[in-house]
Amino acid sequence: MPKDITPEPAGLSNEQVANYNRDGYVSGISVFSSEQVAHIRSSIEALEQDHPEGANGHDLNQYFRVNGHVVIPDLSDLARTPAILNAVEDVLGPNLLVWSVELFIKEAHSEKTVSWHQDITYWGMGETNDEVTAWVALSDVSIKAGCMRFIPGSHTNGIVPHTDTFSEANLLSRGQQIGGIEESDARHGPLHPGEMSLHHGRCFHASGPNRSDDRRIGLAIRYVTPEVRDGLAGRDYAMLVRGVDLAQGWTHIARPRALFHPKDLALYDAILDDQSSTLAKGAENTTGLYTPKESQS
Ligand SMILES: O=C(O)CCC(=O)C(=O)O
Numbered sequence: 000m001p002k003d004i005t006p007e008p009a010g011l012s013n014e015q016v017a018n019y020n021r022d023g024y025v026s027g028i029s030v031f032s033s034e035q036v037a038h039i040r041s042s043i044e045a046l047e048q049d050h051p052e053g054a055n056g057h058d059l060n061q062y063f064r065v066n067g068h069v070v071i072p073d074l075s076d077l078a079r080t081p082a083i084l085n086a087v088e089d090v091l092g093p094n095l096l097v098w099s100v101e102l103f104i105k106e107a108h109s110e111k112t113v114s115w116h117q118d119i120t121y122w123g124m125g126e127t128n129d130e131v132t133a134w135v136a137l138s139d140v141s142i143k144a145g146c147m148r149f150i151p152g153s154h155t156n157g158i159v160p161h162t163d164t165f166s167e168a169n170l171l172s173r174g175q176q177i178g179g180i181e182e183s184d185a186r187h188g189p190l191h192p193g194e195m196s197l198h199h200g201r202c203f204h205a206s207g208p209n210r211s212d213d214r215r216i217g218l219a220i221r222y223v224t225p226e227v228r229d230g231l232a233g234r235d236y237a238m239l240v241r242g243v244d245l246a247q248g249w250t251h252i253a254r255p256r257a258l259f260h261p262k263d264l265a266l267y268d269a270i271l272d273d274q275s276s277t278l279a280k281g282a283e284n285t286t287g288l289y290t291p292k293e294s295q296s
């Protein structure tokens, strides 16, 4: 092969696809080299350095935790990484849209956790099988650093009841949790920097505190297929990143024009407004991250 042709990154092996279908998750998929991860991490940390106050009345954490791809070009571009898309295509098929890009950061020696939950519980997508999260480790996400834990096979359940805790220590917007999980059934998914896991929208998962000396940084990209919104009421937004959308159930959004471009910031608020009634449905408290700006105190 000529030197200047980069080989197309492989997707999943047949065994990895079989594991995903059986367990509802698959872990340890290499997508970035250590140099690439260092570069991505430093661009995120430069953003924290340069824009701690965020933009347009939302702090940076708001953009990191919800729909970052709408206003931060780097996050939008990461969602188009061929090695990630090739793996996601192997479970969802050739037509892929991005619903959300988020960062889950636990500082060194942080007590922050994520309770047992199923992702799509409040996302207004019904009980679809066609949503998958690519969770990419941008630091060493060891057991000590609070990697994710999964209950293998739990995606074969429907959406099960969750209780809102609104716990301060919980990274989830409403601290929602599934009760009665047997911890002995859980499997850890530690990741080296540059590796990712894929998990199904109904797979039970959680994560513990970060007891390591480094920050634990995870990039979560939520992929869906065009069909997910077929026949569903209400408006929702997604960015087409591979193939075609013949179903036309989503409002398509483009890559941001520039970091915190005024038009993208306005779009961000419009999306938050439209999504908030679905995402905060049934909550007895405010759900922080999903509260439209006018209602935030
Ligand atoms: O980062 C974590 O520990 C949890 C992330 C998570 O729940 C998710 O990506 O769905």
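Sequential numbering from 0 applies to the sequence shown in numbering that gives the first Met the number 0. We put the beta carbon where it would ideally sit given N, CA and C, even for glycine. Values in this document were obtained by computation on a predicted structure and should not be read as measured data.
Decide if residue i is buried, meaning its Cβ has at least 16 other Cβ atoms within 10 Å, or exposed.
i	result
Asp129	buried
Leu361	One cannot answer for residue 361 here, as it falls past the ends of the chain, which runs 0 to 296.
Lys105	buried
Pro51	exposed
His251	exposed
Arg215	buried
Pro101	Sequence inspection shows Glu at residue 101; the Pro mentioned does not correspond to that position. Buried is the call here.
Val97	buried
Arg228	buried
Glu14	exposed
Gly200	buried
Asn66	buried
Asp139	buried
Asp49	exposed
Asn20	exposed
Val243	exposed
Gln295	In this predicted model, Gln295 has a pLDDT of only 49, less than 50, meaning its place in the structure is not dependable; the value taken from the coordinates is given anyway. Exposed, since its Cβ has fewer than 16 Cβ neighbours within 10 Å.
With DSSP collapsed to three states, give me the class of residue i.
i	result
Gly193	coil
Gln176	strand
Leu84	helix
Ser211	coil
Val140	strand
Ser166	coil
Ile119	helix
Thr112	strand
Leu218	strand
Asn55	coil
Glu226	helix
His161	coil
Glu311	This structure cannot settle anything about residue 311, because the visible part of the chain is limited to 0 through 296.
Val30	coil
Locate the beta strand (DSSP E) running through residue i, then write down its first and last residues.
i	result
Lys105	Leu95 to Lys105
Leu239	Tyr236 to Arg241
Ser153	Per DSSP, Ser153 belongs to no beta strand (DSSP E) and is neither H nor E.
His316	No information on residue 316 is available, as it lies outside the stretch 0 to 296 that the chain covers here.
Arg186	Arg186 to Gly188
Starting from residue i and walking both ways along the alpha helix (DSSP H), at which residues does that stretch end?
i	result
Val36	Ser33 to Asp49
Gln270	The question names Gln, but residue 270 is Ile in the sequence shown. Per DSSP, Ile270 belongs to the alpha helix (DSSP H) from Pro261 to Leu278.
Arg21	Asn13 to Asp22
Arg64	Leu59 to Arg64
Ser75	Pro72 to Leu77
Quiz item: Residues with a Cβ closer than 6 angstroms to any heavy atom of ligand 1, in chain order?
Solution: Here the residues come out as Phe103, Val113, Asp118, Thr132, Trp134, Met147, His204, Ser206, Gly217 and Ala219.
Quiz item: Three or more C-beta pairs closer than 8 angstroms, one from the stretch 169-188 and one from the stretch 142-152: is that the case here?
Solution: yes
Quiz item: Does the stretch 213-230 come close enough to the stretch 158-177 to have 3 or more Cβ pairs within less than 8 angstroms?
Solution: no
Practice problem: Report yes or no: do the stretch 11-30 and the stretch 193-212 share at least 3 C-beta pairs separated by less than 8 angstroms? | Solution: For the pair of segments examined, the stretch 11-30 was found to touch the stretch 193-212: the number of CB pairs separated by less than 8 angstroms reaches three.
Quiz item: Below 8 angstroms, can you find three or more Cβ-Cβ pairs linking the stretch 230-241 to the stretch 250-264?
Solution: yes
Quiz item: Per the contact definition of three or more C-beta pairs closer than 8 angstroms, is the stretch 38-55 in contact with the stretch 111-124?
Solution: Because the criterion of three Cβ pairs below 8 angstroms is not met, the stretch 111-124 and the stretch 38-55 do not touch.
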